[in-house]
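K.L.:
Protein chains in written order, with the numbering used here: chain A, 3 to 273; chain B, 3 to 273.
Beta carbons are placed, not taken as given, at the ideal position from N, Cα and C, and that holds for glycine.
Predicted model, so just to flag it, every value in this text is computed and none were measured.
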């Protein structure tokens, strides 16, 4: 038994898609979420800056005495996983890259796998490399989609909305040409575009949701190590954000599928 | 005579449109530019965060011993001008709001003026209020264009590019419906969309470029106060950025109209 909270961090609110799954499968666990909304987005920043922000985020969660850290940010998972694990010491750290790569490798029939993510994530090659560790002769098609995050944050997520449709058709064209049968949504914002992406890619392409996969993995790991709280429900939620934008309410409920306004605290990340 | 440099800051690289004009009209002046690329964009952040960043930027330039500060950021100019002036003490501070409002008030024939800018700038109402100070019965139509900055930074700036055309037509529709004859481009990224915007608004609408207007004003002010360097050319340029993104070269030359890679230094803003 271990009553410490599970820590989750992301550059913004996209990581709430992972929290949503944690709340569903581990309703008795306390959750501490840090969304670095004051410095979002990480995806276009240099590796050096991403590293510095990732360490800030990790140390913030460590000060909250978490028992496990889920990096719900594709950019950090693919650029700074090792450094975050070093900063976390004995606390296990799980990024969203490994689990989604494994899921994709297990799902594909043709060996043709697509990855869409931010510019920094694609530049790192992390998803492609991870997929090839599980499936050495996989054919991986990667595409940076730098406009997806601003479009999602502007609420352009519904099928038929002209800008997101035009943009998604452009970004997904290489995936269609390559004939991928499995597509990793390598940024936790992208699951909000599930319907748009499915509309373009068709029902036969498996879409891998990294936040969900990682939440499920952490649930299995904590169970196996006997590190759950022992409660079957009533876990608390705390959401820390570094910018008290009035957008939190509406955007967070999109990602989380529920209202969480009462659990939100504004924080200076160095506190 | 005053040989100290002119300081310019922006959340990112858009403020280089103001530097471009300074280099043209004051080639003998030293210029220090700070682009807070590590924390860009400011436009969607809360006022509290914008204020904190603006003070950091101002103090950075003060430590470089500047004789004048040009705030080339619409978001800071409209949310934090007073606070920046307080932090700058006796050093004169000029934001891009006042000058562009005056220019628009002088240019309009119908009294119908449009303002496009980031969400935070529009929320502040600063441009509209400034316009009405110069032209009390002006009819001002304001529209936040949150997707313009990511589209510009993604290089979608050319007429005929489908995404920027679709997005610009949506954002400018209220301006066309209102029949504005003058449109303030209230964010220093937007002059890169001049051709796209002119294509939609037509040749009879005056487009006000705030970076240029403010650079011209500072040139006149320094001349009037006898605070120029006394040199007619050979001024130095220093560009500080807070994220050493490889994007600097290509994006900066778009804004600046020349290559400036050799004058760039990466800095921690608190140094």
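Between the segment 182-204 of chain A and chain B, which residues of the former have CB atoms less than 9 Å from a CB of the latter, in chain order?
P.N.:
none
K.L.:
In this structure, does DSSP put residue 120 of chain B in helix, strand or coil?
P.N.:
Position 118 of the second chain, counting from 1, holds the residue named residue 120 of chain B. Residue 120 of chain B: coil per DSSP, three-state reduction.
K.L.:
Can you tell me where the beta strand (DSSP E) with residue 146 of chain B in it begins and where it stops?
P.N.:
Mapped onto the second chain, residue 146 of chain B falls at position 144. Where residue 146 of chain B is concerned, the enclosing beta strand (DSSP E) stretches over 141-146.
K.L.:
Among the residues of its own chain, which have a CB less than 7 Å from the CB of residue 131 of chain A, if the five just before and after it don't count?
P.N.:
Counting from one through the first chain, the residue named residue 131 of chain A turns up at place 129. So the list is empty, once near-sequence residues are dropped.
K.L.:
Residues of chain B with a CB under 7 Å from the CB of residue 164 of chain A: which are they?
P.N.:
Sequence index remark: in the first chain, residue 164 of chain A carries index 162 (1-based). By Cβ distance, chain B contributes 168.
K.L.:
List the endpoints of the continuous beta strand (DSSP E) containing residue 202 of chain B.
P.N.:
Against the second chain, residue 202 of chain B aligns to sequence position 200. Note, residue 202 of chain B: premise wrong, no beta strand (DSSP E); alpha helix (DSSP H) at 196-203.
K.L.:
If distances are taken between C-alpha atoms only, which option among A:215, A:129, A:88 and A:184 comes closest to residue 77 of chain A?
P.N.:
Here residue 77 of chain A is taken as the residue at index 75 of the first chain, counted from 1. Considering only alpha carbons, the answer is A:129.
K.L.:
Tell me whether the beta-carbon of residue 258 of chain B lies closer than 8 Å to the beta-carbon of residue 31 of chain B.
P.N.:
Within the second chain, numbered from 1, the residue matching residue 258 of chain B stands at position 256. Within the second chain, numbered from 1, the residue matching residue 31 of chain B stands at position 29. Result no, Cβ atoms of residue 258 of chain B and residue 31 of chain B do not sit closer than 8 Å.
K.L.:
List, from N- to C-terminal side, the alpha helix (DSSP H) runs of 4 residues or more that fit wholly inside the segment 231-272 of chain B.
P.N.:
250-258
K.L.:
Are there 16 or more other CB atoms within 10 angstroms of the CB of residue 92 of chain A, so buried, or fewer, so exposed?
P.N.:
Position 90 of the first chain holds residue 92 of chain A. So residue 92 of chain A counts as exposed.
K.L.:
Does residue 41 of chain B come within less than 8 Å of chain A when only Cβ atoms are used?
P.N.:
Translated into the one-based positions of the second chain, residue 41 of chain B becomes position 39. It does; some Cβ of chain A falls within 8 Å.
K.L.:
Are the CB atoms of residue 79 of chain A and residue 38 of chain A nearer to each other than 8 Å?
P.N.:
On the first chain, residue 79 of chain A is found 77 positions in, with the first residue counted as 1. On the first chain, residue 38 of chain A is found 36 positions in, with the first residue counted as 1. The answer is no: Cβ separation not under 8 Å.
K.L.:
Whose Cβ in chain B lies nearer than 9 Å to the Cβ of residue 245 of chain A?
P.N.:
Residue numbering aside, residue 245 of chain A sits at position 243 when the first chain is read from its first letter. Going along chain B in sequence order, the residues near residue 245 of chain A (Cβ under 9 Å) are 46, 47, 48, 50 and 51.
K.L.:
Kindly indicate if chain A contains any beta-carbon less than 8 Å away from that of residue 212 of chain B.
P.N.:
Residue numbering aside, residue 212 of chain B sits at position 210 when the second chain is read from its first letter. It does not; no Cβ of chain A falls within 8 Å.
K.L.:
Kindly indicate the opening and closing residues of the beta strand (DSSP E) around residue 173 of chain A.
P.N.:
Here residue 173 of chain A corresponds to residue number 171 of the first chain, with the count starting at 1. Element bounds for residue 173 of chain A: not the beta strand (DSSP E) but the alpha helix (DSSP H), 164-180.
K.L.:
Taking the alpha helix (DSSP H) that residue 24 of chain A belongs to, which residues open and close that run?
P.N.:
On the first chain, residue 24 of chain A is found 22 positions in, with the first residue counted as 1. Element bounds for residue 24 of chain A: 18-27.
K.L.:
Taking Cβ-Cβ distances shorter than 9 Å, what residues in chain B pair up with residue 138 of chain A?
P.N.:
Sequence index remark: in the first chain, residue 138 of chain A carries index 136 (1-based). None at all; the shortest Cβ gap to chain B is about 31 Å.
K.L.:
For the segment 130-160 of chain B, which residues have a beta carbon sitting closer than 9 Å to at least one beta carbon of chain A?
P.N.:
148, 149, 151, 152, 153, 155, 156 and 158
K.L.:
Determine the extent of the beta strand (DSSP E) in which residue 187 of chain B is found, giving its start and end residues.
P.N.:
Against the second chain, residue 187 of chain B aligns to sequence position 185. Element bounds for residue 187 of chain B: 184-187.
K.L.:
Terminal residues of the continuous beta strand (DSSP E) containing residue 12 of chain A?
P.N.:
Taking the first chain and counting its residues from 1, one reaches residue 12 of chain A at position 10. That run of the beta strand (DSSP E) goes 8-12.
K.L.:
When DSSP labels each residue in this structure, what does residue 218 of chain A get in the three-state scheme?
P.N.:
Reading the first chain from its first residue, position 216 is the one you call residue 218 of chain A. Reduced to three states, the DSSP call for residue 218 of chain A is helix.
K.L.:
Would you say residue 100 of chain B touches the ligand GDP, meaning its beta carbon is less than 7 Å from a heavy atom?
P.N.:
The ligand GDP is not part of the structure shown, which contains no ligands of any sort.
K.L.:
Go to residue 5 of chain B, then tell me how far its alpha helix (DSSP H) extends in each direction, as first and last residue.
P.N.:
Locating residue 5 of chain B in the second chain gives position 3, counting from the first residue. Premise fails: residue 5 of chain B is in no alpha helix (DSSP H) and is neither H nor E.
K.L.:
According to DSSP, which residues form a beta bridge with residue 70 of chain B?
P.N.:
If you number the second chain from 1, residue 70 of chain B lands on position 68. Its beta-bridge partners are B:8.
K.L.:
Comparing C-alpha positions only, which one of B:159, B:205 and B:140 sits nearest to residue 198 of chain B?
P.N.:
In the second chain, residue 198 of chain B corresponds to position 196, counting from 1. When only C-alpha atoms are compared, the closest one is B:159.
K.L.:
For residue 124 of chain A, which residues in the same chain have their Cβ closer than 6 Å to its Cβ, ignoring the five residues on either side in sequence?
P.N.:
Position 122 of the first chain holds residue 124 of chain A. The answer, listed in chain order, is 144 and 146.
K.L.:
Along the chain, where does the alpha helix (DSSP H) containing residue 130 of chain A start, and where does it finish?
P.N.:
Residue 130 of chain A sits at position 128 when you count from the first residue of the first chain. From DSSP, the alpha helix (DSSP H) with residue 130 of chain A extends over 128-136.
K.L.:
Note down, in chain order, each residue of its chain lying with its Cβ closer than 8 Å to the Cβ of residue 6 of chain A, except the 5 sequence neighbours on either side.
P.N.:
What you label residue 6 of chain A is simply residue 4 of the first chain in a count that begins at 1. Once the five neighbours on either side are set aside, the close Cβ partners of residue 6 of chain A are 32, 67, 68 and 69.
K.L.:
If residue 184 of chain A and residue 109 of chain A are in contact, beta carbons under 8 Å, what's the gap, nearest whole angstrom?
P.N.:
The residue given as residue 184 of chain A occupies position 182 in the first chain. The residue given as residue 109 of chain A occupies position 107 in the first chain. The pair is a contact, with the Cβ atoms about 5 Å apart (cut-off 8 Å).
K.L.:
Considering only their Cβ atoms, is the gap separating residue 188 of chain B from residue 118 of chain B smaller than 8 Å?
P.N.:
Within the second chain, numbered from 1, the residue matching residue 118 of chain B stands at position 116. Within the second chain, numbered from 1, the residue matching residue 188 of chain B stands at position 186. Yes, Cβ-Cβ distance for residue 118 of chain B and residue 188 of chain B is below 8 Å.
K.L.:
Buried or exposed: where does residue 3 of chain B fall if 16 or more other Cβ atoms within 10 Å of its Cβ makes it buried?
P.N.:
Here residue 3 of chain B corresponds to residue number 1 of the second chain, with the count starting at 1. With fewer than 16 other Cβ atoms within 10 Å, it is exposed.
K.L.:
Kindly indicate the opening and closing residues of the alpha helix (DSSP H) around residue 51 of chain B.
P.N.:
Numbered from its first residue, the second chain carries residue 51 of chain B at position 49. Start and end: 49-65.
K.L.:
Any idea what DSSP makes of residue 115 of chain A, helix, strand or coil?
P.N.:
Residue mapping note: residue 115 of chain A aligns to position 113 of the first chain, counting from 1. Strand.
K.L.:
Anyone know if the C-beta pair for residue 169 of chain A and residue 194 of chain B falls short of 8 Å?
P.N.:
By one-based count along the first chain, residue 169 of chain A stands at place 167. By one-based count along the second chain, residue 194 of chain B stands at place 192. For residue 169 of chain A and residue 194 of chain B, no; Cβs fall outside 8 Å.
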